[in-house]
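Following: one structure in structure tokens, then a few remarks.
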Amino acid sequence: MTTWPTGMAGLAWGADYNPEQWPEDVWAEDVELMRRAGVTMVSVGIFSWALIETSEGKYEFDWLDRVLDLLHEGGIRVDLATATASPPPWLTTAYPDVLPVRADGVRFTHGSRQEYCPSSPVYRAKAVALATALAERYREHPALAAWHVGNEYGCHVARCCCDRCAEAFRTWLQHRHGDLDTLNEAWATAFWSQHYSLWDQVLPPRVTPTFGNPGQLLDFDRFCSDALLELYKAERDALRGLTPDVPITTNFMVGWTFDALDYWAWAREVDFVSNDHYTRSEDDDRHVELAMAADLTRGLAGGRPWLLMEHSTSAVNWQPRNIAKQPGELRRNSFAHIARGADGTLFFQWRQSRAGAERYHSAMVPHAGTETKVYREVCEVGAEYGLLGELVGSTVDASVAIVYDWRSRWISGQPTHPTEDFSYQETVFGLYRQLWDAGVTVDFVPPSADLSSYRLVVVPALYSVTDADAAKIADYVDGGGHVLVTYMSGLTDERGHVRLGGYPGAFRDLLGVWTEEFFPLRADEVVRLDDGGAAGVWTELLHVRGAEVVSSYADGPLPGVPAVTRHQHGAGTAWYLACGLVADGLRRVVDAALERAGVTAAPGLEIVRRRGRHDGEPVSWLVAINHAAEDVALPASGVELLSGSLVDGRLVVPAGAVAVLREMV
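Residues in the sequence shown are numbered consecutively from 1171, following the numbering used here.
Written as structure tokens, this is what we have:
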């Protein structure tokens, strides 16, 4: 089975291509401009269902034939979509129950995109039929490099609460729990008289007078992720039966806001991982969040090459304020993904739409044409990608891991927690930011991962954890590893049931502490620590049970109570952050944990190393990105691939620039 787009000799570079939005006389110009920009691959047909299947069972392939032929003649590989991301009007008109239903009972109408219910047998049958027709038509086409199933699953409709989904949810629950007694125990239905005596009584979490059942909410999150995954797999399996040698993917949305899918489960079902990522344009540290998303995507790929399927050349169209990228930012963003394991980056989209809901979303060819900042930079980066084919297939070095868990993100985001100010993603990013500032490259791993290759493992807000996964983390430390655990970790089992006996539940023995009560802080309240640090959002009444106190509260609701601890456990060390450390205080703890674990910090440039082989010999490549306003120099030797120059002991990376060095062994 192929696990990378076929026929890709170097880095993938290109965009979503939507020729159906333009007159046919533009298509030849598109291909010529793509060649000028160094484009090697485009995604085609993502939202083309209505123009491919123009009425039920009637397919119009002629226009798509001509597009694929033109791209092949231009030497451009095609990631061909199944076009099922949004059903056409004829389908939703003929079969209105295909449309999804909100938790309040309102059924969506046609007029946007992704207006389908994942449990609809009609939608699934029509989607599989279209995917099958495309595979039969294009399985021998020489431009075909990969299949692109659907698009951004769950982006706009992650949850459907229709009656058909209620039936599917009950079936899913029967497979998971077996019987109603087990379900009632898992959902703690003795609370608020919610005990179920018949399966037909069980519903999705629709609108209720007050807070919903946490167990029900968690299982519905799991079900919805699985339901969409089964929809993807139905199309994938149809494609695989006809084109077993063509790799299949779908684009994830690993980033700040989207949390609907358990991507650890999804990553096992694609031939290669691909991701869409857009920076939050008003954030000063948006390049750091980009790095985090890229590292997490590499983790989902198991360290193997992955593809950035979408990002933007400049502004997007859907943020509150769509800020244009500064000169050089497109280049730095692209190289940051490459540095962190991507073997290609594509944009949304090739030519900026002149109409439609995304007409102000930037593209490789802007409304203003080719004599523009964006297109010039696109051509520059495309030419540079052409120099970096030797990086393809190489891997990324990392000695620190962050445990990331979608189940914990789901549960901790439910209502009825001690504070609404807690954010799983903010907690992860706060720690990641400190590691990024220290120049430390990070792998993201699931709670069940083998941790033995890492010097330090960071466990942020692992709210829900199984006994087996908690034991695996403890065994890692016992064997000499170093772990940094934050508050909101170990509180519940995988069902969301609180572990009794004091917090942090599953990690009490590992950390040598126990907490008797949470003391969340008021909005904007900050407390001081006795080492000069500060904390917001969270404090807790912590007692040591063998741990060493690193710092305590100097004021606030718990003066004198430990805030940060360190515990020798076997041959390793376990740190506990019992508060929402901020700024310098968090940095000091992270730096101390790195030092104790023997991880060398290298602040300054964004530097990542990829390792592989070149000319039959092992080699490493250093990718350096300078986000600062002044030149930065670092000790290094080798060949700088973008310029072809020899570097002998000192590499200078100009302000806002990028360097890729094949290092001398």
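Virtual Cβ for every residue (Gly too), placed ideally from N, Cα, C.
Would you please state the rounded distance, in angstroms, between the beta carbons of residue i and residue j? I believe it to be under 8 Å.
i, j, result
"Ser1564", "Arg1780", "4 Å"
"Gly1180", "Gly1786", "Not a contact, Cβ separation roughly 18 Å."
"Arg1491", "Glu1452", "6 Å"
"Gly1682", "Gly1716", "4 Å"
"Leu1558", "Val1822", "About 20 Å; that fails the 8 Å criterion."
"Gly1755", "Ala1704", "6 Å"
Candidates the options: which alpha carbon is nearest residue i's?
i, options, result
"Asp1389", "Ala1358, Lys1403, Pro1414", "Ala1358"
"Val1655", "Val1628, His1667, His1311, Leu1477", "Val1628"
"Val1707", "Tyr1530, Arg1692, Pro1824, Asp1195", "Arg1692"
"Gly1473", "Tyr1448, Leu1500, Ile1508", "Ile1508"
"Glu1596", "Pro1630, Ile1581, Ser1618", "Pro1630"
"Met1479", "Met1211, Met1178, Ala1748, Val1769", "Met1211"
"Leu1314", "Thr1540, Thr1735, Ala1305", "Ala1305"
"Pro1414", "Thr1172, Gly1583, Ala1553", "Thr1172"
"Gly1177", "Trp1260, Ser1213, Arg1247, Glu1226", "Arg1247"
"Trp1606", "Ser1582, Ala1464, Asp1700, Leu1343", "Ala1464"
"Phe1644", "Thr1743, Asp1239, Leu1241, Thr1263", "In the sequence under discussion, the amino acid at residue 1644 is Ala, which differs from the Phe named in the question. Comparing Cα-Cα distances from Ala1644 to each of Thr1743, Asp1239, Leu1241, Thr1263, the minimum goes to Thr1743."
"Ser1532", "Trp1745, Gly1526, Phe1517", "Phe1517"
"Tyr1265", "Ser1290, Thr1252, Ala1253, Leu1234", "Ser1290"
"Gly1808", "Gly1609, Val1793, Phe1428", "Val1793"
"Ala1608", "Val1292, Pro1773, His1345", "Pro1773"
"Ala1209", "Trp1197, Ala1185, Glu1223, Ser1225", "The sequence shown places Val at residue 1209, rather than the Ala named in the question. Measuring from the Cα of Val1209, the nearest candidate turns out to be Ala1185."
"Glu1459", "Ser1622, Ile1572, Gly1600", "Gly1600"
"Tyr1402", "Tyr1433, Leu1811, Tyr1187", "Tyr1433"
"Phe1393", "Gln1604, Ile1572, Arg1329, Arg1546", "Arg1329"
"Glu1833", "Ala1733, Pro1824, Gly1819, Gly1826", "Gly1819"
"Trp1684", "Gly1703, Tyr1545, Leu1747, Ala1638", "Leu1747"
"Leu1632", "Thr1254, Ser1593, Arg1603", "Ser1593"
"Arg1510", "Ala1568, Thr1540, Leu1626, Ala1525", "Ala1568"
"Asp1235", "Glu1560, Arg1307, Glu1550, Ser1484", "Arg1307"
"Ser1256", "Val1544, Ser1790, Ile1216", "Ile1216"
"Val1214", "Gln1191, Ser1225, Leu1353", "Gln1191"
"Asn1421", "Asp1391, Leu1387, His1481", "His1481"
"Tyr1657", "Gly1755, Asp1454, Tyr1673, Glu1664", "Tyr1673"
"Ser1134", "Leu1412, Arg1406, Cys1749", "Nothing in the structure corresponds to residue 1134, since the chain is present only between 1171 and 1835."
"Thr1352", "Ala1338, Leu1368, Glu1337", "Leu1368"
Rounding to the nearest angstrom, what Cα-Cα distance links residue i and residue j in this structure?
i, j, result
"Lys1437", "Ala1806", "One detail in the question is off: residue 1437 reads as Ala in this sequence, not Lys. Those two C-alpha atoms are separated by around 36 Å."
"Phe1442", "Pro1175", "9 Å"
"Ala1538", "Gln1496", "17 Å"
"Glu1285", "Gly1675", "42 Å"
"Phe1505", "Gly1348", "49 Å"
"His1652", "Trp1476", "29 Å"
"Asp1648", "Val1570", "17 Å"
"Thr1419", "Leu1699", "49 Å"
"Gln1371", "Thr1662", "27 Å"
"Val1802", "Ile1795", "10 Å"
"Asp1249", "Pro1312", "12 Å"
"Glu1202", "Leu1269", "40 Å"
"Trp1317", "Pro1417", "6 Å"
"Leu1466", "Val1424", "7 Å"
"Gln1578", "Ala1360", "Checking the sequence shown, residue 1578 turns out to be Ser, not Gln. Roughly 24 Å between the two C-alpha positions."
"Gly1320", "Ser1623", "36 Å"
"Thr1709", "Val1731", "10 Å"
"Val1548", "Gly1498", "10 Å"
"Thr1252", "Trp1233", "15 Å"
"Gly1888", "Ala1825", "Given a span of 1171 to 1835 for the chain in the structure shown, any question on residue 1888 remains unanswerable."
"Leu1816", "Arg1783", "19 Å"
When we look at the beta-carbon of residue i and count the other beta-carbons within 10 Å, is it buried (16 or more) or exposed?
i, result
"Glu1776", "buried"
"Glu1194", "exposed"
"Glu1554", "buried"
"Pro1384", "buried"
"Gly1666", "buried"
"Glu1223", "buried"
"Pro1617", "buried"
"Gln1522", "buried"
"Trp1580", "buried"
"Lys1296", "buried"
Entirely within the region 1623-1669 and at least 4 residues each: give me those alpha helix (DSSP H) ranges in chain order.
With a minimum length of 4 residues, the continuous alpha helix (DSSP H) runs that stay inside the region 1623-1669 are 1637-1648.
What are the start and end residues of each continuous alpha helix (DSSP H) run of 4 or more residues lying completely inside the region 1398-1479, in chain order?
The qualifying runs are 1433-1437, 1456-1470.
Tell me the start and end of each unbroken alpha helix (DSSP H) in the region 1281-1366 that is at least 4 residues and wholly inside, in chain order.
Complete alpha helix (DSSP H) runs here, min 4: 1291-1308, 1333-1347, 1350-1357.
If you scan the region 1187-1262 from start to end, which runs of the beta strand (DSSP E) of 3 or more residues do you find wholly inside it?
The region 1187-1262 is shown to contain whole beta strand (DSSP E) runs of 3 or more residues at 1211-1214, 1223-1225, 1247-1251, in chain order.
Minimum length 4: unbroken alpha helix (DSSP H) runs contained in the region 1496-1524:
The DSSP assignment places complete alpha helix (DSSP H) segments of no fewer than 4 residues inside the region 1496-1524 at 1499-1509, in order along the chain.
For the region 1676-1708, list the alpha helix (DSSP H) runs that are entirely contained and at least 4 residues long, ordered along the chain.
Fully enclosed alpha helix (DSSP H) runs of 4 or longer: 1678-1681.
Completely contained beta strand (DSSP E) runs for the region 1577-1631, where each covers 3 or more residues:
Whole beta strand (DSSP E) segments, 3+ residues: 1612-1615, 1626-1629.
Can you list the beta strand (DSSP E) stretches of 3 or more residues lying completely in the region 1766-1797, in chain order?
Considered as a whole, the region 1766-1797 harbours 1776-1784, 1787-1795 as its complete beta strand (DSSP E) runs of no fewer than 3 residues, in chain order.
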